[in-house]
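Q: Here it is: the structure, laid out below.
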Amino acid sequence: MFARRFLISFPIFAIVYLIQESVVSQFRIFGGGFSLFLIFTLLWSALGTPELGALTGFGAGLLMDLSQTTSGPMGQWTLIMILAGFAISYLGYGDDNFRGNPISLVVIVAIAVPITRLAYLIIGLMFGGDLGSTFQIFISLLSSAFWTVAVVPLLMPSVTRIHSTLFEEKSRG
Amino acid sequence: MRNGGDNRGRLLLISLIVTSLFLITLDLRGVQVIDGLRSGSQTAVSPFQSAGAKVFRPVGNFFSDVTRLGRTRGEIEKLKAENEKLRQNLINRRNADSELSQLKSVLDLAGTAKYKVVSAKVISLGSTSSFTQTISIDAGTDDGVKENMTVITGLGLVGVVKKSYPNSALVQLSSDSAFRVGARVAGSQQIGILSGQGTSKAVLQLLDNLTTLKIGDVILARGSQNNSPFVPGVPIGEVTSVDNAAGAVTQTADVRLYVNFSTLSVVAVVVGSPKSDPRDALVPKGPVPIPVPTVTIYATPSESPKP
Numbered sequence: 142m143f144a145r146r147f148l149i150s151f152p153i154f155a156i157v158y159l160i161q162e163s164v165v166s167q168f169r170i171f172g173g174g175f176s177l178f179l180i181f182t183l184l185w186s187a188l189g190t191p192e193l194g195a196l197t198g199f200g201a202g203l204l205m206d207l208s209q210t211t212s213g214p215m216g217q218w219t220l221i222m223i224l225a226g227f228a229i230s231y232l233g234y235g236d237d238n239f240r241g242n243p244i245s246l247v248v249i250v251a252i253a254v255p256i257t258r259l260a261y262l263i264i265g266l267m268f269g270g271d272l273g274s275t276f277q278i279f280i281s282l283l284s285s286a287f288w289t290v291a292v293v294p295l296l297m298p299s300v301t302r303i304h305s306t307l308f309e310e311k312s313r314g
Numbered sequence: 014m015r016n017g018g019d020n021r022g023r024l025l026l027i028s029l030i031v032t033s034l035f036l037i038t039l040d041l042r043g044v045q046v047i048d049g050l051r052s053g054s055q056t057a058v059s060p061f062q063s064a065g066a067k068v069f070r071p072v073g074n075f076f077s078d079v080t081r082l083g084r085t086r087g088e089i090e091k092l093k094a095e096n097e098k099l100r101q102n103l104i105n106r107r108n109a110d111s112e113l114s115q116l117k118s119v120l121d122l123a124g125t126a127k128y129k130v131v132s133a134k135v136i137s138l139g140s141t142s143s144f145t146q147t148i149s150i151d152a153g154t155d156d157g158v159k160e161n162m163t164v165i166t167g168l169g170l171v172g173v174v175k176k177s178y179p180n181s182a183l184v185q186l187s188s189d190s191a192f193r194v195g196a197r198v199a200g201s202q203q204i205g206i207l208s209g210q211g212t213s214k215a216v217l218q219l220l221d222n223l224t225t226l227k228i229g230d231v232i233l234a235r236g237s238q239n240n241s242p243f244v245p246g247v248p249i250g251e252v253t254s255v256d257n258a259a260g261a262v263t264q265t266a267d268v269r270l271y272v273n274f275s276t277l278s279v280v281a282v283v284v285g286s287p288k289s290d291p292r293d294a295l296v297p298k299g300p301v302p303i304p305v306p307t308v309t310i311y312a313t314p315s316e317s318p319k320p
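First to last, the protein sequences are chains E and R. Once you know that position 148 of the first sequence is 289 in the working numbering, the rest is easy, because the numbers rise by one and skip nothing. Once you know that position 187 of the second sequence is 200 in the working numbering, the rest is easy, because the numbers rise by one and skip nothing.
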């Protein structure tokens, strides 16, 4: 069942990935901007089961690793995204009050985005990466949370609709 | 799952984590398949990036311009008066002029130093998630662009080619926190290592503790063996502050990078280096002082009135 759901959602992720790489990356936005793909993945994971969240994180992380602008080794984003996808879906699993509340979804994704990026940075340091300016990193993490708060409400209606159309219908069938 | 969960879910999670660790191990061991995957995906994505750059680049600075709205209010009012067609033409024209100007200045710089260059357009900015400072350009191995080639603009050093694909390349910017370049001070020829900091400033650490730096010193690339990855003589930036901490083994200084990375649209990749080191030939010329007219007034005392 997980594999089927994963394959069904893959084309959607591929499209969002293309939009991220070819459109969002063209804009110069305050604080380094945002990663539409990362936000979309975490929001998508937050709506599913922990297992599906981990699987979604795995697929999304693979795509992020394939991006030529990724500096770390192949698999670094995959590892982080598996854990992030699992954790964010685990937090709200079984709690319909949580998932049904748009504000809690915005807050959880806005917290998850900088934490995921920070985890990537820490793992990168363990692999011998460079830290650079701490202040710049702080600004970047803060602004990613800010942009996530701005972007998630715009994405949420379409993401929840697609998610429920794909999975609730399929599970009934 | 929440209360201990089913074993199937756990098994899935563990197997995914193991797979990712396996991928990391393969990549760190330099397995060619992984590089091939990245290269293949970039080849597939680069046409979309080029199309995206064509469509969205003219409005790419919109969001950053919003933060400077107060300062450009006069310009905005002026633009409002123009009709939609003229405004679109103006944006396109400005974009083309800016690219032309950047191209002209980079060719001037390359001509002075006798670098053989391949010009390229910036088709994508780097990942916002990975804390790296990179750009993608629309020239690749088909145009003679290879890894470890120097990338410049008319103002100076942009960075170095990290990855090269058939029709695009990834450039690590000199502002990247992992960027290191051997540098020398124009004039005094002191040498040191310049490190990117993730901002428009970099840090220069001198290798010699007998010499001193001063604010305004111009920093140039020292050049690498066989001119790869860095050709000599490319301007990098100028010293804005010097750290004179007592007890420091060597002197360090903050360097403001010449290149404005937020407005990059045309760059050049140095594909052929000069036979001789251009030394200080590329040091930017300082501002020419404007002559101030002086007026000399001779005071002549008037005759005192007779009583």
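We treat Cβ as the ideally placed atom computed from N, Cα and C, and that holds for glycine.
Find the nearest neighbour of R:Gln55 within the set E:Phe279, E:Ser285, E:Ser208, judged by alpha-carbon distance.
A: Here residue 55 of chain R refers to the residue found at position 42 of the second sequence. Nearest C-alpha to R:Gln55: E:Ser208.
Q: Where do the ends of the beta strand (DSSP E) carrying R:Gln185 lie?
A: Counting from one through the second sequence, the residue named residue 185 of chain R turns up at place 172. Run containing R:Gln185: 182-186, per the beta strand (DSSP E) assignment.
Q: What does E:Ser333 touch in chain R if you count any residue whose Cβ is under 8 Å from its own?
A: It is not possible to answer for residue 333 of chain E, since the shown part of chain E is limited to 142 through 314.
Q: For E:Ile170, count neighbouring Cβ atoms within 10 angstroms of its own Cβ and tell me buried if that reaches 16, exposed if not.
A: Your numbering for residue 170 of chain E matches position 29 in the first sequence. Under this definition E:Ile170 is a buried residue.
Q: Under 7 Å, do R:Val194 and R:Leu207 count as touching if we go by C-beta distance?
A: As a working mapping, residue 194 of chain R is identified with position 181 in the second sequence. As a working mapping, residue 207 of chain R is identified with position 194 in the second sequence. Cβ atoms of R:Val194 and R:Leu207: closer than 7 Å.
Q: State yes or no: is the beta carbon of R:Lys176 nearer than 7 Å to at least one beta carbon in chain E?
A: Indexing the second sequence from 1 puts residue 176 of chain R at position 163. True, the Cβ-Cβ gap to chain E drops below 7 Å.
Q: I think E:Phe227 touches R:Leu34, with their Cβ atoms under 8 Å apart; what is that distance to the nearest whole Å?
A: In the first sequence, counting from the first residue as 1, residue 227 of chain E sits at position 86. In the second sequence, counting from the first residue as 1, residue 34 of chain R sits at position 21. Not quite, the Cβ-Cβ distance comes to about 15 Å (not below 8 Å), so this is no contact.
Q: With a threshold of 16 other CB atoms inside 10 Å of the CB of R:Asn180, please say whether the residue is buried or exposed.
A: If you number the second sequence from 1, residue 180 of chain R lands on position 167. Under this definition R:Asn180 is a buried residue.
Q: From the DSSP output, in three-state form, read off R:Thr225 for me.
A: As a working note, residue 225 of chain R is residue 212 in the second sequence. In this structure, R:Thr225 counts as coil in the three-state DSSP scheme.
Q: Rank E:Ala260, E:Leu282, E:Pro298, E:Leu203 by C-alpha distance to the C-alpha of E:Leu246 and give the top, closest one.
A: Stepping through the first sequence from its first residue, residue 246 of chain E is reached at position 105. It is E:Pro298 whose Cα lies nearest to the Cα of E:Leu246.
Q: Taking C-alpha atoms, which residue in E:Gln161, E:Gly173, E:Asp271, E:Ser150 lies nearest to R:Phe61?
A: Stepping through the second sequence from its first residue, residue 61 of chain R is reached at position 48. Nearest option by C-alpha distance: E:Gln161.
Q: Counting only runs that start and end within the segment 211-237 of chain E, where is the alpha helix (DSSP H) found for 4 or more residues in a row?
A: Taking only runs of at least 4 residues, the alpha helix (DSSP H) segments lying wholly in the segment 211-237 of chain E are 217-233.
Q: Does any residue of chain R have a CB that is nearer than 7 Å to the CB of E:Ala195?
A: Mapped onto the first sequence, residue 195 of chain E falls at position 54. Yes, E:Ala195 counts as interfacial toward chain R.
Q: With DSSP run on the structure shown, which of helix, strand or coil describes R:Gly246?
A: Reading the second sequence from its first residue, position 233 is the one you call residue 246 of chain R. Coil.
Q: Quick one: give me the first and last residue of the beta strand (DSSP E) that R:Asp267 is part of.
A: Within the second sequence, the letter at position 254 stands for residue 267 of chain R. 265-270 is the extent of the beta strand (DSSP E) around R:Asp267.
Q: Beta carbon of E:Ser176: closer than 6 Å to some heavy atom of the ligand PLP?
A: The ligand PLP is absent from the structure shown, which contains no ligand whatsoever.
Q: Measuring straight from C-alpha to C-alpha, what distance separates R:Ala64 and E:Met205?
A: As a position in the second sequence, residue 64 of chain R is number 51, starting the count at 1. As a position in the first sequence, residue 205 of chain E is number 64, starting the count at 1. For R:Ala64 and E:Met205, the distance between alpha carbons rounds to 21 Å.
Q: Under 8 Å: do the segment 228-246 of chain R and the segment 157-166 of chain R share three or more Cβ pairs, one atom per stretch?
A: With a cut-off of 8 Å, the segment 157-166 of chain R and the segment 228-246 of chain R count as touching, because enough Cβ pairs lie within range.
Q: With a threshold of 8 Å on Cβ separation, who are the neighbours of R:Asn36 within its own chain once the five nearest residues in sequence on each side are excluded?
A: Here the question's residue 36 of chain R lines up with position 23 in the second sequence. Per the sequence shown, residue 36 of chain R should be read as Leu rather than Asn. Taken in chain order, the residues that qualify are Ile47.
Q: By the 7 Å beta-carbon criterion, what residues does the segment 243-260 of chain E contribute toward chain R?
A: If the cut-off is 7 Å between Cβ atoms, the segment 243-260 of chain E has Arg258 near chain R.
Q: The alpha helix (DSSP H) that contains R:Gly195, what's its start and end?
A: Counted from its first residue, the second sequence places residue 195 of chain R at position 182. Careful: R:Gly195 lies outside any alpha helix (DSSP H), inside the beta strand (DSSP E) at 193-198.
Q: Taking R:Ala64 as the query, report the chain E residues whose CB atoms sit under 8 Å from its CB, ordered along the chain.
A: The residue you call residue 64 of chain R lines up with position 51 of the second sequence. Within 8 Å Cβ-Cβ: Ser163.
Q: Report all residues from its chain with a CB closer than 6 Å to the CB of E:Met215; omit the five preceding and five following residues, and keep chain order.
A: If you number the first sequence from 1, residue 215 of chain E lands on position 74. Here the set comprises Asp206.
Q: Which residue's Cα is closest to the Cα of E:Gly235: E:Ala201, E:Pro191, E:Thr219?
A: Taking the first sequence and counting its residues from 1, the one referred to as residue 235 of chain E is at position 94. Ranking the options by Cα distance to E:Gly235, first place goes to E:Pro191.
Q: Only counting the same chain, and skipping five residues up and downstream in sequence, which positions put a Cβ closer than 7 Å to that of R:Leu138?
A: For the purposes of this step, residue 138 of chain R is taken as the residue at position 125 of the second sequence. Excluding sequence neighbours, R:Leu138 sits near Ile148.
Q: Check each candidate in R:Ser237, R:Gln203, R:Ile232 and name the one with the smallest Cα separation from R:Thr225.
A: What you label residue 225 of chain R is simply residue 212 of the second sequence in a count that begins at 1. Closest by alpha carbon: R:Gln203.
Q: So R:Gly53 is in the alpha helix (DSSP H); what residue range does that whole segment cover?
A: Stepping through the second sequence from its first residue, residue 53 of chain R is reached at position 40. 45-69 is the span of the alpha helix (DSSP H), which, as asked, contains R:Gly53.
Q: Closer than 7 Å, Cβ to any Cβ of chain E: which residues of the segment 131-148 of chain R, in chain order?
A: Cβ contacts with chain E come from Ser137, Leu138, Gly139, Ser140, Thr141, Ser142, Ser143, Phe144, Thr145, Thr147.
Q: Could you pull the start and end residues of the alpha helix (DSSP H) that E:Thr301 belongs to?
A: In the first sequence, residue 301 of chain E corresponds to position 160, counting from 1. Its alpha helix (DSSP H) spans residues 275-304.
Q: Kindly indicate which three-state DSSP category E:Val157 falls into: helix, strand or coil?
A: Here residue 157 of chain E refers to the residue found at position 16 when the first sequence is read from its first residue. Correct three-state label for E:Val157: helix.
Q: For the segment 257-265 of chain E against the segment 167-176 of chain R, do three or more pairs of beta-carbon atoms, one drawn from each stretch, fall closer than 8 Å, so that the two count as touching?
A: These segments do not touch.
Q: Taking all protein chains shown into account, decide if R:Gly260 is buried (16 or more other Cβ within 10 angstroms of its Cβ) or exposed.
A: Looking up residue 260 of chain R in the second sequence gives position 247. Exposed, by the Cβ-count rule.
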